[in-house]
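*Asks:* Sharing a structure below in structure tokens format, with a few things to ask.
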Amino acid sequence: MMLDVERLDETCIKKLANEEVLAIRVKGLLPRSLAMQIGDKILTPGFEGYINAPSIGRIGMAFYEAENQPLLIEDYFARATRNIAELRNRCAPYPSPVDTLRCMLDESWPAGAHLENLYGRKMYVGLSRVVKPGVCFLAHHDIFAKDAPDSYQARSLEAQFACNVYLNMPTEGGALQMWDDDISPDQFDEMRGESYGIDPALLGPAALEILPEPGDFIMFNSRRMHSVTPGVADPRLSLSFFVGYRGNASPLTFWS
Numbered sequence: 001m002m003l004d005v006e007r008l009d010e011t012c013i014k015k016l017a018n019e020e021v022l023a024i025r026v027k028g029l030l031p032r033s034l035a036m037q038i039g040d041k042i043l044t045p046g047f048e049g050y051i052n053a054p055s056i057g058r059i060g061m062a063f064y065e066a067e068n069q070p071l072l073i074e075d076y077f078a079r080a081t082r083n084i085a086e087l088r089n090r091c092a093p094y095p096s097p098v099d100t101l102r103c104m105l106d107e108s109w110p111a112g113a114h115l116e117n118l119y120g121r122k123m124y125v126g127l128s129r130v131v132k133p134g135v136c137f138l139a140h141h142d143i144f145a146k147d148a149p150d151s152y153q154a155r156s157l158e159a160q161f162a163c164n165v166y167l168n169m170p171t172e173g174g175a176l177q178m179w180d181d182d183i184s185p186d187q188f189d190e191m192r193g194e195s196y197g198i199d200p201a202l203l204g205p206a207a208l209e210i211l212p213e214p215g216d217f218i219m220f221n222s223r224r225m226h227s228v229t230p231g232v233a234d235p236r237l238s239l240s241f242f243v244g245y246r247g248n249a250s251p252l253t254f255w256s
């Protein structure tokens, strides 16, 4: 269900796209000490809460927060370049791990990889996500076509992956949980009501549970339900973005 690899390459990405595995992991993509140093630099200036999930912090704006509202969509694009620059500045003098991963994806995929373009505008990439101690990141799935239903670019995806590089982890908890059963967007919306996600207990036992360590990179099928278990004592900080797959002959795209 999960594939441990030493580096990203075409073979492991295809296994994820073909749903042969739920997730791939590169352990120690960053040295642990470096990951934690970068994490401290990112956290020091503070962070905001998600618009639709205020118990979870973030630096930058995720596109799904716009929820098809024109003013929020405009705000997302207006801030995209500035938010990418802010992450680089917070990581300095170290390189942004997101920039490194963007290069790795471009180099490892035969057709290359580039920043996603939506409505004729470049998207943001590199969300810093903070889960405070004691907070459960509710079960949910991420589907680009649901976030941008009027866009052929979003509907053209054959698969969608979530990419996380972990910088800080709690002393206990903070595991990524995944379920193999497919839940339709309509069924999910009915189950979640007004919340951004649903109680993981409603889904039964997870098919996969991964406890990352600082410096680990995990790439997984974001269309499957996933959640994060509550952590103890310390915040859980990851840098995250999505990768879109449109077939083996097409470039990968990335966005947050």
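All residue numbers for the sequence shown refer to full-length UniProt numbering, where the first residue is 1 and numbers rise by one. In this text, a Cβ means the ideal position worked out from N, Cα and C, and glycines have one as well.
1) What's the C-alpha gap between residue 160 and residue 240?
2) Would residue 134 be called buried (16 or more neighbouring beta carbons within 10 Å of its own) or exposed?
3) Taking only the alpha-carbon atoms, compute the straight-line gap between residue 136 and residue 211 and give it to the nearest angstrom.
4) Buried or exposed for residue 147, please, with buried defined as at least 16 other CB atoms from any protein chain shown within 10 angstroms of its CB.
5) When you compare the CB positions of residue 155 and residue 162, do they come within less than 9 Å of one another, or not?
6) Going by alpha carbons, who is nearest to residue 231 out of 97, 130, 124, 113?
7) Which residues in the same chain have their Cβ closer than 6 Å to the Cβ of residue 62, if we skip the five residues on either side of it in sequence?
8) Buried or exposed: where does residue 187 fall if 16 or more other Cβ atoms within 10 Å of its Cβ makes it buried?
9) What's the gap between the Cα of residue 66 and the Cα of residue 74?
10) List the endpoints of the continuous alpha helix (DSSP H) containing residue 83.
11) Please report how far the alpha carbon of residue 207 lies from the alpha carbon of residue 38, in whole angstroms.
12) Inspect the beta-carbon positions of residue 105 and residue 254 and report whether they are closer than 9 Å.
13) Go ahead and pull the three-state DSSP assignment for residue 129.
14) Whole angstroms are fine: how far does the CA of residue 224 sit from the CA of residue 205?
*Replies:* Answer, in terms of the structure:
1) Distance between the alpha carbons of residue 160 and residue 240: 13 Å.
2) If you draw a 10 Å sphere on the C-beta of residue 134, you find fewer than 16 other C-beta atoms in it, and that means exposed.
3) Their Cα atoms are separated by approximately 14 Å.
4) Buried.
5) Cβ distance not < 9 Å, so residue 155 and residue 162 don't count as in contact.
6) Ranking the options by Cα distance to residue 231, first place goes to 130.
7) Hits under 6 Å: 127, 256.
8) Exposed is the call here.
9) The straight-line gap separating the alpha-carbon atoms of residue 66 and residue 74 is approximately 9 Å.
10) For residue 83, the enclosing alpha helix (DSSP H) begins and ends at 70-91.
11) Taking the Cα positions, residue 207 is about 32 Å away from residue 38.
12) Yes, the pair counts as a contact, with Cβ atoms nearer than the cut-off.
13) DSSP places residue 129 within a strand segment (E or B) once states are collapsed to three.
14) Each residue's alpha carbon lies about 14 Å from the other.
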